[in-house]
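2 protein chains.
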Amino acid sequence: MNDKQQLTMKDIARELGVSVATVSRALSDSPSISKERRQAIQQFAREHNYFPNVIAEQLRHSRRNPSRAIGVIVPELVHYYFSSILDGIESEASARGYHILVAKSNESYQREVQICESMLKNKVCGIIVSQAKDTERYDHFEHLEQAGVPLVFYDRICPALNASRVVVDDYMGTLNAVSHLIETGCKRVAFFGASMNMIIAKNRFNGYRDALYKHGLTLDESLVRICDNRADAERITPAMMRMENRPDAFFAVNDETAIGILTVVKRLGYNVPDEVSICGFTNGFRATVCDPMLTTVEQRGTQVGKEAADILIGLVEGTLPADHAEKRIVKTRLVIRGTTRHP
Amino acid sequence: MNDKQQLTMKDIARELGVSVATVSRALSDSPSISKERRQAIQQFAREHNYFPNVIAEQLRHSRRNPSRAIGVIVPELVHYYFSSILDGIESEASARGYHILVAKSNESYQREVQICESMLKNKVCGIIVSQAKDTERYDHFEHLEQAGVPLVFYDRICPALNASRVVVDDYMGTLNAVSHLIETGCKRVAFFGASMNMIIAKNRFNGYRDALYKHGLTLDESLVRICDNRADAERITPAMMRMENRPDAFFAVNDETAIGILTVVKRLGYNVPDEVSICGFTNGFRATVCDPMLTTVEQRGTQVGKEAADILIGLVEGTLPADHAEKRIVKTRLVIRGTTRHP
DNA sequence: TAAATAAATGCAATCGTTTGCGTAGTTCGA
DNA sequence: TCGAACTACGCAAACGATTGCATTTATTTA
Numbered sequence: 000m001n002d003k004q005q006l007t008m009k010d011i012a013r014e015l016g017v018s019v020a021t022v023s024r025a026l027s028d029s030p031s032i033s034k035e036r037r038q039a040i041q042q043f044a045r046e047h048n049y050f051p052n053v054i055a056e057q058l059r060h061s062r063r064n065p066s067r068a069i070g071v072i073v074p075e076l077v078h079y080y081f082s083s084i085l086d087g088i089e090s091e092a093s094a095r096g097y098h099i100l101v102a103k104s105n106e107s108y109q110r111e112v113q114i115c116e117s118m119l120k121n122k123v124c125g126i127i128v129s130q131a132k133d134t135e136r137y138d139h140f141e142h143l144e145q146a147g148v149p150l151v152f153y154d155r156i157c158p159a160l161n162a163s164r165v166v167v168d169d170y171m172g173t174l175n176a177v178s179h180l181i182e183t184g185c186k187r188v189a190f191f192g193a194s195m196n197m198i199i200a201k202n203r204f205n206g207y208r209d210a211l212y213k214h215g216l217t218l219d220e221s222l223v224r225i226c227d228n229r230a231d232a233e234r235i236t237p238a239m240m241r242m243e244n245r246p247d248a249f250f251a252v253n254d255e256t257a258i259g260i261l262t263v264v265k266r267l268g269y270n271v272p273d274e275v276s277i278c279g280f281t282n283g284f285r286a287t288v289c290d291p292m293l294t295t296v297e298q299r300g301t302q303v304g305k306e307a308a309d310i311l312i313g314l315v316e317g318t319l320p321a322d323h324a325e326k327r328i329v330k331t332r333l334v335i336r337g338t339t340r341h342p
Numbered sequence: 000m001n002d003k004q005q006l007t008m009k010d011i012a013r014e015l016g017v018s019v020a021t022v023s024r025a026l027s028d029s030p031s032i033s034k035e036r037r038q039a040i041q042q043f044a045r046e047h048n049y050f051p052n053v054i055a056e057q058l059r060h061s062r063r064n065p066s067r068a069i070g071v072i073v074p075e076l077v078h079y080y081f082s083s084i085l086d087g088i089e090s091e092a093s094a095r096g097y098h099i100l101v102a103k104s105n106e107s108y109q110r111e112v113q114i115c116e117s118m119l120k121n122k123v124c125g126i127i128v129s130q131a132k133d134t135e136r137y138d139h140f141e142h143l144e145q146a147g148v149p150l151v152f153y154d155r156i157c158p159a160l161n162a163s164r165v166v167v168d169d170y171m172g173t174l175n176a177v178s179h180l181i182e183t184g185c186k187r188v189a190f191f192g193a194s195m196n197m198i199i200a201k202n203r204f205n206g207y208r209d210a211l212y213k214h215g216l217t218l219d220e221s222l223v224r225i226c227d228n229r230a231d232a233e234r235i236t237p238a239m240m241r242m243e244n245r246p247d248a249f250f251a252v253n254d255e256t257a258i259g260i261l262t263v264v265k266r267l268g269y270n271v272p273d274e275v276s277i278c279g280f281t282n283g284f285r286a287t288v289c290d291p292m293l294t295t296v297e298q299r300g301t302q303v304g305k306e307a308a309d310i311l312i313g314l315v316e317g318t319l320p321a322d323h324a325e326k327r328i329v330k331t332r333l334v335i336r337g338t339t340r341h342p
């Protein structure tokens, strides 16, 4: 039952009394084989549902043709944004005849290096990656490039490498969101962001700062906190709301954090959005579950994934020059719901 | 820059003036090669960081050794439960030296067939799959088995095939949850489930029914609805709450549906959990976001994924007999939060 | 000292395909 | 009627690794 041997060209050749070369040519419809033979061979192959051994094909072509396997490295899997991106990559890849090999770095540099090695060994044609949080050396990525494996970054970009990348427009997304808060009457907007050594964190902060300036407000350091998860948000927010000059709005770098803020603010008895407005970033599952529903910046992970796959495939197929670093920015969209006032 | 040619055994052999066979043996530490040569070759390989070409290895061994690639077919990717399962599979697989190849069926039978073919071609050593909703023919799965590719089902089981599988204990999970509702004082528990042609739907319904019987309640058909998403829940619930003999509790087959119910019930002005209790199934991101937080049955996707990978690897490595269908059931856990009363 | 034994290495086939080149057999023009 | 030009195929060498068997050389034994 197990190991039903695959039908090979050799089998067909033996059966039909021709050489393997003839079978190969016939199956690739080469005109150098007579029409009758060609059809006979093709029919035989069809009837015995022959299909070529990809491994052998690859070995034969290894010097010229890349495989059709795309490696995807994800920091986490149980995560709305990363799931969306994976979804986008899968769609684009499969539509263009590629398949994907997925590995999770678990935010570990060590693991990331292992994965790169393993993917290199397994001859992926390229890799799409978001760095682990604790990655600070980039040799493993450079090795890949040297080995001729193109690299595309998404979300967490490697700043030291001039590699292709696709990111979300964090700056404009934040700028628009904070502008929305101000334009609906908020005067003191707090900012909960991630640690500034990540570029995306910096961009979002800049968007926040510039939105304030644009509307003639000044930046108050006491309203800026490093906080990117719910637990921290629930810990930090109460003190903030007790400030003599409390914020009347919060912008958080992700929905999870925003939900934490919302929970606390509601518990303290404030009306959302009238007394306190809140805006998140992601627009994941959570955003429509909380009460009121969360105003947030739609991050369009699926689109990010598609673009990343598109770049990679372009690089692999030579549509994009190998030495050029393609950089794309996916526009965000502000989704206004119940945690902010309407314009 | 591109295509830095891989270092091969032939290169080493040429460089060191020995035959390829000797290099091969030396690298596999065969005692039939003299110690000095062995070490010289190994050192050379290390210094020029040689690594074997997996493709060639595979081709050579194809008749005996399976690859180390596990195919995973998922109906959707942006979905809490499936993400968790994928996470579990990835963890177990990578811990045991396997990598995974992920494809999304998009709930389409057509696509599922294509994926199976593609994975067969790409020589995965086995496949872990949850059927698409509209899959009703199983030839593609049977082909795989015939080709010697072991199959493990999760979540949506193929009833017609006696294949290995791992499922969550839907029956007991539901029975416990509904018992909890009754034991905290609910008399009229409504059931929102999926269409009964899916086994998991049937099992959950049976759990519901038996919980009622166990507590001396009778089954009221008017309290049972086919509804497994939020939109439908929001459409159906209002009418239900207007019934002369309205339900005082709801059990929903997933968190999403439960949230829909919760939204409506709150909007209608009922107190949750005192006037109406609600229980979901999944324990995903949503459960801790709504207000009050959702009581729900923890589905333990990660565990399901791990078990599935464990079975598959067992089948591949021969630890489990190839003809035996291993069936595992992952225990659920009731997580009591704010949408039900406490015992 | 010759023959037997052991140790270290190479040869060549193999896995399933592809492909450059060579060569029968046919056809055609002069 | 003879060489040229096709046509339709086969041979054999790759791709990169493994492995049974043969071969060489060194060592031991009778």
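Protein sequence lines, in the order shown, are assigned to chains A and B. The first sequence begins at 0 in numbering that gives the first Met the number 0 and counts up by one. The second sequence begins at 0 in numbering that gives the first Met the number 0 and counts up by one. Note that the Cβ used here is the ideal one computed from N, Cα and C, for glycine as well. Fair warning: this is a prediction, and the values are worked out from it, not measured in the lab.
Close to Q57 (chain B), with beta-carbon spacing below 8 Å, are these residues of chain A in chain order: I54. Restricting attention to B:A232, B:I40 and B:P30, the CA atom closest to the CA of I277 (chain B) is found in B:A232.
Taking a Cβ-Cβ threshold of 8 Å, none of the residues of chain A is close to L311 (chain B); the smallest such distance is about 14 Å. Within chain B, the residues whose beta carbon sits less than 7 Å from that of N121 (chain A) are V53 and H98, listed in sequence order. Closest option to I127 (chain A), judged by alpha-carbon separation, among A:L314, A:T338, A:F204 and A:H323: A:L314.
DSSP places Y108 (chain B) in the helix class (H, G or I) of the three-state scheme.
At a cut-off of 7 Å between beta carbons, I258 (chain A) contacts chain B. Within the stretch 186 to 269 of chain A, the complete beta strand (DSSP E) runs of at least 3 residues fall at 188 to 192, 223 to 225 and 248 to 251.
Apart from the 5 residues on each side of it in sequence, Y108 (chain A) sits with its Cβ closer than 8 Å to the Cβ of A131, D133, T134, E135 and R136 in its chain, given in chain order. The C-beta distance from L222 (chain B) to M240 (chain B) rounds to 12 Å, too long to meet the 8 Å contact threshold. Here the alpha carbon of T339 (chain B) sits roughly 11 Å from the alpha carbon of L261 (chain B). Approximately 10 Å separates the beta-carbon atoms of T281 (chain B) and G172 (chain B); this is outside 8 Å, ruling out the contact. Around the Cβ of M195 (chain A), a 10 Å sphere holds fewer than 16 other Cβ atoms; the residue is exposed.
Check the Cα spacing between P149 (chain A) and each of A:R187, A:V123 and A:V275: the tightest is with A:V123. Residue range V19 to L26 is occupied by the alpha helix (DSSP H) that includes T21 (chain A).
Under the Cβ distance rule, R285 (chain A) counts among the residues neighbouring chain B, one pair being separated by less than 7 Å. Residue pairing by DSSP places I328 (chain A) opposite A:V166 in a beta bridge. DSSP places H98 (chain B) in no alpha helix (DSSP H) but in the uninterrupted beta strand (DSSP E) bounded by H98 to K103. Counting along the chain, no alpha helix (DSSP H) covers T295 (chain B); the unbroken beta strand (DSSP E) around it starts and ends at T294 to E297.
Scanning its chain for C-beta atoms nearer than 7 Å, with the 5 sequence neighbours on each side dropped, one finds around R229 (chain A) the residues E255, T256, I258 and G259, in chain order.
Not one beta carbon of chain A lies nearer than 7 Å to the beta carbon of E111 (chain B).
Within chain B, S82, L85, D86 and E89 have C-beta atoms less than 7 Å from the C-beta of L76 (chain A), given in sequence order. A straight line joining the alpha-carbon of A248 (chain B) with that of I156 (chain B) spans about 30 Å. Rounded to whole angstroms, N202 (chain B) and A20 (chain B) show a C-alpha spacing of 59 Å. Exposed is the label assigned to R59 (chain B), since fewer than 16 other Cβ atoms lie within 10 Å of its Cβ. Where Y153 (chain B) is concerned, the enclosing beta strand (DSSP E) starts and stops at L150 to Y153.
Proximity of K132 (chain B) to chain A, defined by a Cβ-Cβ separation below 7 Å, is not satisfied. The alpha carbon of I181 (chain A) has as its nearest neighbour, out of A:A162, A:H214 and A:R164, the alpha carbon of A:H214. If you draw a straight line from the Cα of A44 (chain A) to the Cα of Q298 (chain B), it is about 46 Å long. Residues of chain A with a Cβ closer than 8 Å to the Cβ of K103 (chain B) are, in chain order, D86, E89, S90 and S93.
Distance from P246 (chain B) to A210 (chain B) at the Cβ level is roughly 15 Å; contact not present, criterion being Cβ atoms closer than 8 Å. Contact between G206 (chain A) and D169 (chain A) holds, since their C-beta atoms are separated by about 7 Å, short of 8 Å.
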